[in-house]
Structure formats: C-alpha cells, structure tokens
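Have a look at the structure below before the remarks.
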Amino acid sequence: MISPVIQAEGLSKRYGRREALSDCTLSIPPKHVVGLVGPNGAGKTTLLHVAVGLLPPTKGRIEVLGGRPASDPAQLARVGFVAQDAPTYAGLSIADHLRFGAHTNPRWDQRMAEERITKLGLDPSQKAGRLSGGQRAQLALTMAIAKRPELLILDEPVASLDPLARREFLQGLMGFIADQDASVILSSHLVSDLERVCDYLIVLVASRVRVAGEVDDLLASHFRLTGPRRDPADLPPGTEVIEDSHTDRQSTFIVRRAAPIDDPALSVEQLTLEDLVLAYMSRAPRNPHPALETTP
Amino acid sequence: MIEFHLDGRSGVAPYMQLIQQVRQAMRLGLLTEGDQLPTVKDVVAKVAINPNTVLKAYRELEYEGLVTARPGVGTFVTQTLTDESLAAHGPLRDELRAWLARARAAGLNAESIEALFATTFRTLVEELR
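What follows is the structure in structure tokens.
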C-alpha cells in the first residue's frame with residue numbers, strides 16, 4: 002500500500018500559551034492536489050512548517066510520505082517546499098540559484114530547470130533581487146520542481162501575485178504534476194485561488210481542522226436548504242447543520258448529509274466550493290443545535 | 006484540435022465543462038472520427054486546472070464511447086456525431102427565431118422567455134421519461 006502523503010494524529014503546536022495548531026488529525030491520500038484553506042492566522046503556515054520539519058510539534062504524531070519530517074537527507078530530498086513570498090537570494094543570479102540547487106539536491110534535474118527558465122523568458126545572469134514578484138515565484142517554483150520531489154508543499158504561493166502571474170504560476174505547477182505524478186499541498190486564504198486546481202481540500206479555522214476530504218465528495222454531500230422558518234432540530238435525521246440563518250418567515254441552512262433531502266417544503270441547492278468553505282469559516286464554535294425561539 | 010476554456014462562474018463542475026465542450030465540438034462538426042483531443046499536459050498548461058480533472062473528463066467520454074485512449078499516443082475521437090441532425094439545425098433555428106420574435110412581440114422579456122423555455126423543456130423531458 003502507498004502510504005498517505007501526510008498522516009497526523011492529535012498534532013498540536015503551542016507557542017507559549019497560544020495554541021497555533023490544536024489536535025489536528027489528518028490522512029491525506031497520495032497523488033492529489035491538496036488545498037489548505039483558512040483565514041490568516043488559522044495555523045496554515047504552522048501546519049506546513051511542521052510537515053517539512055522546520056518546527057517540531059508540541060504534541061501528537063506526524064508522518065510525511067511514511068517518514069518523520071526532515072529526519073534524514075533522503076526524506077529531505079523527497080519533499081519540496083516553497084515558503085511564503087517565494088524567498089530567493091536577492092544578490093545571486095538565476096544561474097547561481099540553479100548551481101546551488103544542483104549542489105544541494107541529489108535528484109536535481111538541471112536540464113529541466115534550465116528549460117523552464119528559458120521558457121519563462123528569463124535571463125540566467127539576472128540577479129534574483131531584480132525580478133518581478135511573479136518571476137521570483139516562478140524561480141522558486143523552478144527550484145522546487147527541479148529537485149524532483151514526491152511531495153511539493155507551497156505556502157500561499159499566489160497570494161502576492163497579480164491575476165496574470167497567478168494564472169501562469171498555476172499553469173506551471175499543473176504542468177509539473179501532469180509530468181511527474183507528484184502530490185502537492187498548497188495553502189491560501191482564498192479558496193477561489195485554488196478552486197480549479199485542488200481535488201482535496203482541508204479547511205483550517207482557529208487552529209483546528211474543520212473539514213477535510215475529496216472535493217467531489219464534499220460538493221456531493223453539502224447542500225443549501227431554504228424554506229419556511231423551522232428549528233434546525235426539525236431537519237431530517239442524518240443532517241449536520243454547518244450554518245443557519247433565519248428571518249421571521251424563512252430559514253436558510255447549509256448542511257452536510259450523505260443524500261439529498263426529499264422534503265417538498267425545502268428547496269435544495271448544490272453549493273460551490275467557495276460557499277462551502279465560507280460556511281465552515283464563519284461557523285463559530287458553539288452549540289451544535291441552538292433552539293430557535295418560536296414565533297407567534 | 007480544439008481548445009478548452011473554463012467558466013469559473015457557471016456553477017458547472019470543471020470536468021463537466023470539458024465534457025460538454027467536446028460533445029459540443031462533435032455536434033458542430035469541429036471534431037470528427039480520428040481527431041485527437043489535446044493532451045492532458047496541454048490542457049493543464051493552458052487552463053491551469055488539475056490534471057485529474059482532465060483525466061476524469063476523458064475517462065467519462067471514453068465510457069460514453071465517444072473517444073478512445075491510446076496509451077502513450079493520446080486520446081482520439083471514435084465517432085462522428087454530425088449525422089443527419091446537423092442538417093436539421095438550420096430550419097430548427099429559423100423556427101426558433103420566429104418563435105422568439107413572437108414571444109418578444111407578446112411582451113415577454115429575456116428572463117421570462119428563458120423561464121418559459123426552461124419549464125416547458127423540463128416538463129417535456131419528464132413526460133418522455
């Protein structure tokens with residue numbers, strides 16, 4: 002059996018008294034493009050840093066591709082990482098970057114790296130400090146890809162890019178996956194950035210995993226119900242209410258359930274991925290089923 | 006060869022949009038038997054979507070018997086959908102235009118015309134089932 006890309010159990014990371022990651026349990030299947038979504042400060046970067054071995058967890062267990070993060074050179078070679086804002090060495094040229102990559106990575110593919118730089122229309126003698134944000138992101142992506150990792154982890158790769166650079170970056174990333182059959186995890190605070198590319202989604206809010214699963218399964222199991230005002234407790238059994246709002250006459254629910262609801266009083270709609278994520282993000286931790294006050 | 010595009014706001018799943026675009030191209034005669042579909046790599050590099058989405062669309066089309074995958078070569082169209090029905094498009098379009106003009110003249114706006122068409126079409130589909 003192929004081991005999961007990331008297997009985490011009860012994973013927590015604490016900074017002093019602040020818990021940046023709480024009791025995180027995940028099993029991410031391989032060969033997926035995983036979107037890690039959540040508001041700023043939710044713990045996305047912490048989770049990714051723990052996964053690449055930059056941070057030790059305070060509690061719990063994590064395995065990446067079946068091994069302990071950054072435990073030995075072989076494990077380091079299997080995981081590629083592009084940190085937030087695609088850091089590069091401003092004083093070094095593109096060619097220097099590639100030489101450095103070749104020197105430090107056992108599986109480095111120099112030919113592919115050079116081809117990519119040519120295709121991007123970049124001059125290898127150019128200093129990284131003089132590149133545009135989009136070009137710098139592409140250089141960082143080239144470095145991570147030429148390493149030929151089995152798992153590529155990118156922290157907010159497109160957040161600071163303009164729409165065109167964003168599209169070009171994702172085109173390059175998807176081309177890499179089509180070529181190499183690798184797994185990818187990328188984070189963003191905007192699901193719209195990831196909607197086209199992800200087939201697995203993790204929503205992280207306030208240090209906790211709120212929902213995780215295959216995008217197709219998530220879309221098939223979440224619905225928006227609208228109908229005459231009613232108490233959430235009166236919905237058919239097997240319905241988990243993610244979000245509800247009420248006017249004096251009408252109730253709107255976003256629910257999770259295995260099958261669509263067959264109730265003539267309710268209109269049932271499919272959700273977009275963005276609606277689904279927003280529902281989980283806005284759900285405050287509270288009573289699962291607050292009773293509705295009855296209207297006369 | 007055709008090119009794919011994605012409508013992010015349509016609410017139709019991306020793989021389904023790809024399927025619809027292939028079927029549409031076949032119906033319009035843009036793709037006929039023996040034509041090759043863009044490779045997965047070409048599609049993802051152009052549209053910036055997940056390769057699995059393209060594979061899923063191509064698998065579905067293969068399951069429908071519209072295309073066949075030749076490993077290492079590509080995916081090819083195995084049918085020509087533009088049979089006698091294409092010839093009927095012209096006259097049908099003319100009749101539809103005449104009907105639309107009558108609907109306009111009767112005071113229906115674009116939205117009511119769409120709604121009337123959609124409900125009538127749905128009822129008909131249900132009756133035929």
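Protein chains in written order, with the numbering used here: chain D, 2 to 297; chain G, 6 to 134.
Note that beta-carbon positions come from the ideal geometry of N, C-alpha and C, so glycine has one too.
Legend entry - Span separating the alpha-carbon of Met6 of chain G from that of Asp40 of chain G: 7 angstroms
Inset, instruction - Look at Ser1 of chain D and Ala71 of chain D and say whether their C-beta atoms are less than 8 angstroms apart. - result: An answer regarding residue 1 of chain D cannot be provided, because it is not within the stretch 2 to 297 covered by chain D.
Inset, instruction - Could you say which of G:Glu65, G:Ala18, G:Lys46 and G:Ala53 lies nearest to Gln172 of chain D if we only look at CA atoms? - result: G:Ala53
Inset, instruction - Can you check DSSP and say which residues form a bridge with Ile29 of chain D? - result: BP columns for Ile29 of chain D point to D:Ile7.
Inset, instruction - Show which residues of chain G have a CB atom less than 8 angstroms away from the CB atom of Arg149 of chain D. - result: Going along chain G, no residue has its Cβ under 8 angstroms from Arg149 of chain D, so there is no contact; the nearest lies around 17 angstroms.
Inset, instruction - Could you tell me whether the Cβ of Leu279 of chain D comes closer than 8 angstroms to any Cβ of chain G? - result: Chain G has no Cβ within less than 8 angstroms of the Cβ of Leu279 of chain D.
Legend entry - Proximity test, Cβ basis, 8 angstroms: Gly3 of chain G and chain D: Any property of residue 3 of chain G remains undetermined from this structure, which presents chain G solely from 6 to 134.
Inset, instruction - List the residues of chain D whose Cβ lies closer than 9 angstroms to the Cβ of Ala50 of chain G, in chain order. - result: Gln172, Gly173, Met175, Gly176 and Ala179, listed in chain order.
Inset, instruction - Quick one: grab the DSSP three-state call for Val49 of chain G. - result: helix
Legend entry - Arg257 of chain D versus His94 of chain G: straight-line alpha-carbon distance, rounded: 43 angstroms
Inset, instruction - Could you check how far apart the C-beta atoms of Glu151 of chain D and Leu226 of chain D are, in whole angstroms? I think they sit under 8 angstroms. - result: About 42 angstroms separates the two Cβ atoms, so there is no contact after all.
Legend entry - Inter-residue Cα distance where the pair is Tyr20 of chain G and Gln26 of chain G: One C-alpha to the other measures close to 10 angstroms.
Legend entry - Enclosing alpha helix (DSSP H) for Asp245 of chain D [first to last residue]: Here Asp245 of chain D belongs to no alpha helix (DSSP H); instead the beta strand (DSSP E) covers Glu241 to His247.
Inset, instruction - Look at the Cβ atom of Leu27 of chain D, then the Cβ atom of Pro58 of chain D, and state whether they are nearer than 8 angstroms. - result: no
Inset, instruction - Please say whether Val78 of chain G and Met31 of chain G have beta carbons closer to each other than 8 angstroms? - result: no
Inset, instruction - Rounded to whole angstroms, what's the CA-CA distance from Gly70 of chain G to Ser161 of chain D? Just pull it up for me. - result: 44 angstroms
Inset, instruction - Please confirm if Gln26 of chain D has its CB atom under 8 angstroms from at least one CB of chain G. - result: Here residue 26 of chain D turns out to be Thr, not Gln, going by the sequence shown. Taking Cβ atoms only, chain G never reaches closer than 8 angstroms to Thr26 of chain D, which makes this a no.
Inset, instruction - Can you pull the chain D residues whose beta carbon is under 8 angstroms from the beta carbon of Ile54 of chain G, in chain order? - result: Met175, Arg197 and Val198
Inset, instruction - Per DSSP, which residues does Pro229 of chain D bridge with? Please list them. - result: D:Gln251
Inset, instruction - Starting from Tyr201 of chain D, follow its DSSP beta bridges and name the residues at the other end. - result: DSSP, once it has assigned bridges, lists D:Val35 and D:Glu215 as partnering Tyr201 of chain D.
Inset, instruction - Check each candidate in G:Leu23, G:Leu101, G:Gly13 and G:Leu33 and name the one with the smallest Cα separation from Glu89 of chain G. - result: G:Leu33
Inset, instruction - For the alpha helix (DSSP H) containing Ser184 of chain D, list its first residue and its last residue. - result: Ser184 of chain D -> not in any alpha helix (DSSP H); beta strand (DSSP E) instead, spanning Ser184 to Ser189.
Legend entry - Contact check, Glu10 of chain D vs Arg62 of chain D, beta carbons under 8 angstroms: yes
Legend entry - Assumed close pair Val198 of chain D, Val34 of chain D - CB separation to whole angstroms, cut-off 8 angstroms: 5 angstroms
Inset, instruction - Have a look at the DSSP bridge pairing and note the partners of Val59 of chain G. - result: For Val59 of chain G, no pairing in a beta bridge is given by DSSP.
Inset, instruction - Within its chain, find whatever has a CB closer than 6 angstroms to the CB of Gln8 of chain D; leave out the 5 residues flanking it on each side and keep chain order. - result: Ser28 and Glu64
Inset, instruction - Pick helix, strand or coil for Val159 of chain D, following the three-state DSSP scheme. - result: coil
Inset, instruction - Output yes or no for whether 8 angstroms exceeds the beta carbon distance between Arg284 of chain D and Gln251 of chain D. - result: no
Inset, instruction - Return the residues of the region 28-42 of chain D that lie within a Cβ-Cβ distance of less than 9 angstroms from chain G, sorted by chain order. - result: Lys32, His33 and Val34
Legend entry - Those runs of the alpha helix (DSSP H) which lie wholly inside the region 52-129 of chain G and span at least 4 residues: 56-68 and 89-110
Inset, instruction - Evaluate contact between the region 90-101 of chain D and the region 38-49 of chain D, counting only Cβ atoms and requiring at least three cross-stretch pairs below 8 angstroms. - result: no
Legend entry - Short Cβ contact (8 angstroms threshold) for Ala179 of chain D with Val72 of chain G: In this structure, Ala179 of chain D keeps its C-beta atom at 8 angstroms or more from the C-beta atom of Val72 of chain G.
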